[in-house]
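> Each number in the numbering used here comes from the position in the sequence shown (counting from 1) with 40 added on.
Glycine included, every Cβ here is placed at the ideal spot set by N, Cα and C.
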Amino acid sequence: MTTPEIENRAVSITDIEVHADKLDARRAAAIYMEHGCLVVRGLMNPYIEAISKDIECCAAESIALLPEAVKIPEGWTTPNGTLFLPAPANFSRDKQIMVLGIGYATSAAFFHSAFDSAALDIAEGILGPNVEMFMNGQCLYKEPVGGHPKNLHQDSAYFEHRYEGPVATLNYVVDTDLVNGALYVVPGSHKFGTLKHVDTISHLGLDPTDWPWERALPITGQAGDSIFFHVRTIHGSQQNHSTEPRPVFIHRYRSSDDYVIISGTTTENREENERRIADAKKENQRGLMVRGYRAFSHSE
Ligand SMILES: O=C(O)CCC(=O)C(=O)O
41 MTTPEIENRA VSITDIEVHA DKLDARRAAA IYMEHGCLVV RGLMNPYIEA ISKDIECCAA
101 ESIALLPEAV KIPEGWTTPN GTLFLPAPAN FSRDKQIMVL GIGYATSAAF FHSAFDSAAL
161 DIAEGILGPN VEMFMNGQCL YKEPVGGHPK NLHQDSAYFE HRYEGPVATL NYVVDTDLVN
221 GALYVVPGSH KFGTLKHVDT ISHLGLDPTD WPWERALPIT GQAGDSIFFH VRTIHGSQQN
281 HSTEPRPVFI HRYRSSDDYV IISGTTTENR EENERRIADA KKENQRGLMV RGYRAFSHSE
């Protein structure tokens, strides 16, 4: 199968990286628009200690709730909303955490961090003056000694949008490297359109024969570093082979008129939803405003 070629193979970390303490939000937004990704070193430093505490509380709570887990197409979910996957063979349990049931409704620190003014300056530079939150905050948690990989994918396979789509910020809670599961990105891939995805252990992913990890740029970093990426930027992360957990937390911002037109978690449910694209509406998809004003529109 032919896959899109990356126009600029020479993109390196220094081309996409800025520092929170001398931030020029317009320049940061321009880097994002060119490459579909941007690293802001230290952006989330003020929030890490408090968020980390809440994340570890939620992880312990989720493991304690495992006897009440219910099977769903994506794995198992505990009553507090944590998603578990089958565990690898060397694990102490038969299920491992993937997405923790923590978000804006459970952690004040997580919620506060979504309103960071420098993060919002960059989001506004990319999306324009009227910006809303998309989703309620997400925490991907790789357990130690083999915690799940998230295969290379585009988020638009999970939530294709009518317009530009959300800007995500993925934030490191611990120092993150090639051993514990650094994020890999493919700079420039936001210009490819949404590619065909297949079912993988970590849900929708790109076929690894077309998209091996070598095609992507790993971003190692410290607790508090933020990675902004476009909804069509190819990204993913490998297993956590360290002895400590590797959590990240994610915020998503989108233009206040944007909305999901196709959603999916498996090839089957995405194909079903593709057939219903004509029914998609902004109505019932209003996120909390973080910049600007939502004018009334009859068309909603
Ligand atoms: O946990 C990670 O590093 C990857 C998360 C991710 O790719 C996603 O949520 O789309």
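#1: Whose CA, out of Thr209, Met138 and His201, lies closest to the CA of Lys190?
#2: Residues in the same chain with beta-carbon distance under 7 Å from Phe150, minus the five sequence neighbours each way, listed in chain order, please.
#3: Considering only C-alpha positions, which residue in the set Gly186, Ile259 and Ser295 is nearest to Ser52?
#4: Between Cys97 and Pro227, is the Cβ-Cβ spacing less than 8 Å?
#5: Does DSSP put Asn120 in a helix, in a strand, or in coil?
#6: Say whether the segment 289-298 touches the segment 106-120, bearing in mind that this needs 3 or more beta-carbon pairs closer than 8 Å, one atom from each stretch.
#7: On the CB-based measure, 16 or more other CB atoms within 10 Å of its CB, does Leu328 come out buried or exposed?
#8: Does Ser229 come out as helix, strand or coil in the three-state DSSP assignment?
#9: What does the alpha-carbon distance come out to for the pair Asp161 and Ala65?
#10: From the DSSP output, in three-state form, read off Gly165 for me.
#11: Along the chain, where does the alpha helix (DSSP H) that runs through Asp94 open and close?
#12: Pick helix, strand or coil for Ser242, following the three-state DSSP scheme.
#13: Is Gly233 buried or exposed, if buried means 16 or more other CB atoms sit within 10 Å of its CB?
#14: Going by beta-carbon coordinates alone, are His193 and Gly276 separated by less than 8 Å?
#15: Sort Ala222, Pro119, Thr118 and Gln279 by Cα distance to Gly387 and report the nearest one.
#16: Which same chain residues, not among the five before or five after Asp215, have their C-beta less than 8 Å away from its C-beta?
#17: Could you say which of Phe199, Pro119, His281 and Asp265 lies nearest to Thr307 if we only look at CA atoms?
#18: Taking Glu164 and Ser295 to be in contact with their CB atoms under 8 Å, please state how far apart those CB atoms are, rounded to whole angstroms.
#19: What are the partner residues of Val171, as DSSP defines its beta bridges?
#20: DSSP puts Tyr212 in a beta bridge; with which residues?
#21: May I ask you to report which of helix, strand or coil DSSP gives Arg66?
#22: If you drop the 5 nearest sequence neighbours on each side, which residues of the same chain put their C-beta closer than 6 Å to that of Glu284?
#23: So, is Phe336 buried or exposed, given that buried needs 16 or more other C-beta atoms within 10 angstroms?
#24: So the candidates are Ser242, Gln278 and Gly121; which of them puts its Cα closest to the Cα of Ala256?
#25: Using a Cβ-Cβ cut-off of 6 Å (strictly less than) and excluding sequence neighbours within five positions of Asn85, which residues of its own chain qualify?
#26: Kindly give me the distance between the Cβ atoms of Ala99 and Leu125, rounded to whole angstroms, as I take these residues to be in contact under 8 Å.
Result, derived from the coordinates:
#1: Mapped onto the sequence shown, residue 190 falls at position 150. It is Met138 whose Cα lies nearest to the Cα of Lys190.
#2: The count along the sequence shown starts at 1 and reaches residue 150 at position 110. Closer than 7 Å at Cβ, skipping near neighbours: Ile91, Asp94, Ile142, Gly143, Tyr144, Gly177 and Phe289.
#3: The residue you call residue 52 lines up with position 12 of the sequence shown. The residue with the shortest Cα to Cα distance from Ser52 is Ile259.
#4: What you label residue 97 is simply residue 57 of the sequence shown in a count that begins at 1. What you label residue 227 is simply residue 187 of the sequence shown in a count that begins at 1. No. Outside cutoff.
#5: Here residue 120 refers to the residue found at position 80 when the sequence shown is read from its first residue. The answer is coil: DSSP assigns Asn120 none of H, G, I, E or B.
#6: no
#7: In the sequence shown, counting from the first residue as 1, residue 328 sits at position 288. Burial call: exposed.
#8: As a first step, residue 229 is located in the sequence shown; it is residue number 189 there, counting from the start. In this structure, Ser229 counts as helix in the three-state DSSP scheme.
#9: The sequence position of residue 161 within the sequence shown is 121, counting from 1. The sequence position of residue 65 within the sequence shown is 25, counting from 1. So the alpha carbons of these two residues sit roughly 6 Å apart.
#10: Taking the first residue of the sequence shown as 1, we reach residue 165 at position 125. DSSP places Gly165 in helix when its eight states are reduced to three.
#11: To locate residue 94, count along the sequence shown from 1; it is residue 54. Unbroken alpha helix (DSSP H) run through Asp94: Ile88 to Ala104.
#12: Numbered from 1 along the sequence shown, position 202 holds the residue referred to as residue 242. Reduced to three states, the DSSP call for Ser242 is coil.
#13: Along the sequence shown, one-based indexing puts residue 233 at 193. It counts as exposed.
#14: On the sequence shown, position 153 is the one that residue 193 refers to. On the sequence shown, position 236 is the one that residue 276 refers to. Contact: yes.
#15: Here the chain covers residues 41 to 340 and nothing more, so residue 387 does not appear.
#16: Within the sequence shown, the letter at position 175 stands for residue 215. The residues are Gly261, Gln262 and Ala263.
#17: The residue given as residue 307 occupies position 267 in the sequence shown. Closest option to Thr307, Cα to Cα, is Phe199.
#18: Along the sequence shown, read from residue 1 onward, the residue named residue 164 stands at position 124. Along the sequence shown, read from residue 1 onward, the residue named residue 295 stands at position 255. Contact flag wrong, Cβ pair sits at about 10 Å.
#19: Within the sequence shown, residue 171 is the residue found at index 131, counting from 1. For Val171, which the question treats as bridged, DSSP gives the partners Ser295 and Arg331.
#20: Within the sequence shown, numbered from 1, the residue matching residue 212 stands at position 172. Tyr212 pairs with Val288.
#21: Residue mapping note: residue 66 aligns to position 26 of the sequence shown, counting from 1. Of the three classes helix, strand and coil, the one that applies to Arg66 here is helix, per DSSP.
#22: In the sequence shown, counting from the first residue as 1, residue 284 sits at position 244. Excluding residues within five positions, the ones whose Cβ falls inside 6 Å are Pro184.
#23: One-based indexing of the sequence shown puts residue 336 at position 296. Exposed, because fewer than 16 other Cβ atoms sit within 10 Å of the Cβ of Phe336.
#24: Looking up residue 256 in the sequence shown gives position 216. That would be Gln278, whose Cα lies nearest to the Cα of Ala256.
#25: Working through the sequence shown from its first residue, we reach residue 85 at position 45. Taken in chain order, the residues that qualify are Gly264.
#26: The sequence position of residue 99 within the sequence shown is 59, counting from 1. The sequence position of residue 125 within the sequence shown is 85, counting from 1. Contact flag wrong, Cβ pair sits at about 14 Å.
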